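Enquirer:
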Amino acid sequence: LCIKLAKPNFGRTLAREARFYEQLGREQSFEEVVTPRCFDFFTVPLNECFDVQGRPVSHIKPWENITIHQPQPDSNRTGREEDIQWRLPDDRLEDSQWRLPDDWPNHREYYEDGDGWKSGSSWDEWRYSPSDPLICTLVLEKLGKIYFCENIADTLATSISNMHELVHDLGSTGIMHKDLRYWNIVRATRDVVCPRHERVHRWQLIDFDIAKKI
């Protein structure tokens, strides 16, 4: 298994990623084809947790020792609301609820939610509560190694063709990954036939926390 944990103020971001996995599996049968199998998204209030000695847990040290590095804005965009948010000091970003891509006030000018991908989620209106934080966990199928640049020309051409098909499959659902890089292309571990291309994809896509549905 691959178990993803989120700092308490990023719980909704992890829930949003789980939502994309859920919908891809339900509507297009792309789970285990384009993306790994998603077992579920779990939460538990920190106030209800106890350590191995039965004592209440008041804080989690890894949360305190990890610094979140936000994606950088497009250098060609300046003065916009999202750019101002990106330029907030690290401590203010860390303490605030990070806005998701479809949270901006004018997002409806560019994106529709007719099928309820956003509004249909119970996490759409959820906000982090410092007095009642949640431990959020996303459990996925563990895949193989991340993509690497292969030296053999035929193998490289096959991999590139395979990745083009993955992007086309994803695009057929109206989803933009928004963070498509080597780290998020991972070797598939099972031979599941793609219903669109009628063959097995060697690679799969992960990390949909900043993806968009258009």
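If you're matching positions, the sequence shown starts at 1126 in the working numbering and goes up one per residue. From the three backbone atoms N, C-alpha and C, an ideal C-beta is built for every residue, glycine too. The structure presented is a predicted model; accordingly, all values stated were derived computationally and were not measured.
#1: Taking a contact to mean a Cβ-Cβ separation below 7 Å, would you say residue 1244 touches residue 1144 in this structure?
#2: Return the CA-CA distance between residue 1329 and residue 1311, expressed in angstroms with no decimal places.
#3: Can you list, in chain order, the residues of its chain with a C-beta nearer than 7 Å to that of residue 1149? Leave out the 5 residues immediately preceding and following it.
#4: Tell me whether residue 1142 sits in a helix, a strand or coil according to DSSP, three-state version.
#5: By the three-class DSSP mapping on this structure, what secondary structure does residue 1292 have?
#6: So, does the stretch 1260-1268 touch the stretch 1128-1148, judging by three or more C-beta pairs under 8 Å?
#7: Enumerate in chain order the residues of its own chain whose CB-to-CB distance from residue 1287 is below 8 Å, with the five nearest sequence positions on each side excluded.
#8: How is residue 1167 classed by DSSP in three states: helix, strand or coil?
#9: Would you mind working out which of 1142, 1168, 1338 and 1309 sits nearest residue 1270, comparing C-alpha positions?
#10: Helix, strand or coil: which one does DSSP assign to residue 1330?
#11: Tell me which same chain residues have a C-beta within less than 6 Å of the C-beta of residue 1340, skipping the five on either side of it?
#12: Taking buried to mean at least 16 other C-beta atoms within 10 Å of its own C-beta, is residue 1176 buried or exposed?
#13: Using a Cβ-Cβ cutoff of less than 6 Å, which residues in the same chain neighbour residue 1136 once the five nearest sequence positions on both sides are dropped?
#14: Could you give the distance in angstroms between the alpha-carbon of residue 1138 and the alpha-carbon of residue 1170?
#15: Roughly how many whole angstroms lie between the Cα atoms of residue 1293 and residue 1146?
#16: Excluding sequence positions up to five away, which residues of its chain have a Cβ less than 7 Å from the Cβ of residue 1317?
#17: Exposed or buried, what is residue 1281 when buried is set at 16 or more other beta-carbons lying within 10 Å of its beta-carbon?
#18: In whole angstroms, give me the CA-to-CA distance for residue 1186 and residue 1167.
Expert: Let me lay it out:
#1: 7 Å or more divides the Cβ of residue 1244 from the Cβ of residue 1144.
#2: Taking the straight line from one Cα to the other gives about 5 Å.
#3: Exclusion of the five residues before and after residue 1149 leaves 1155, 1156, 1159, 1160 and 1298 as the residues of its chain whose Cβ lies within less than 7 Å of its Cβ.
#4: The answer is helix: DSSP assigns residue 1142 an H, G or I state.
#5: Reduced to three states, the DSSP call for residue 1292 is helix.
#6: Contact between the stretch 1260-1268 and the stretch 1128-1148 is present, because at least three Cβ pairs lie under 8 Å.
#7: Hits under 8 Å: 1326, 1327 and 1328.
#8: In the three-state scheme derived from DSSP, where H, G and I count as helix and E and B as strand, residue 1167 is classed as strand.
#9: Checked all of 1142, 1168, 1338 and 1309; the closest Cα to residue 1270 is 1309.
#10: Residue 1330 falls in the strand class under three-state DSSP.
#11: It is not possible to answer for residue 1340, since the shown part of the chain is limited to 1126 through 1339.
#12: Residue environment for residue 1176: exposed (fewer than 16 other C-beta atoms within 10 angstroms of its C-beta).
#13: Closer than 6 Å at Cβ, skipping near neighbours: 1259 and 1261.
#14: Distance between the alpha carbons of residue 1138 and residue 1170 is about 17 Å.
#15: Answer to the nearest angstrom: the Cα atoms are 17 Å apart.
#16: Sequence-distant partners of residue 1317 (beyond 5 residues in either direction) whose C-beta falls short of 7 Å from its own C-beta, in its chain, are 1157, 1158 and 1325.
#17: By the 10 Å Cβ count, residue 1281 comes out exposed.
#18: Answer to the nearest angstrom: the Cα atoms are 20 Å apart.
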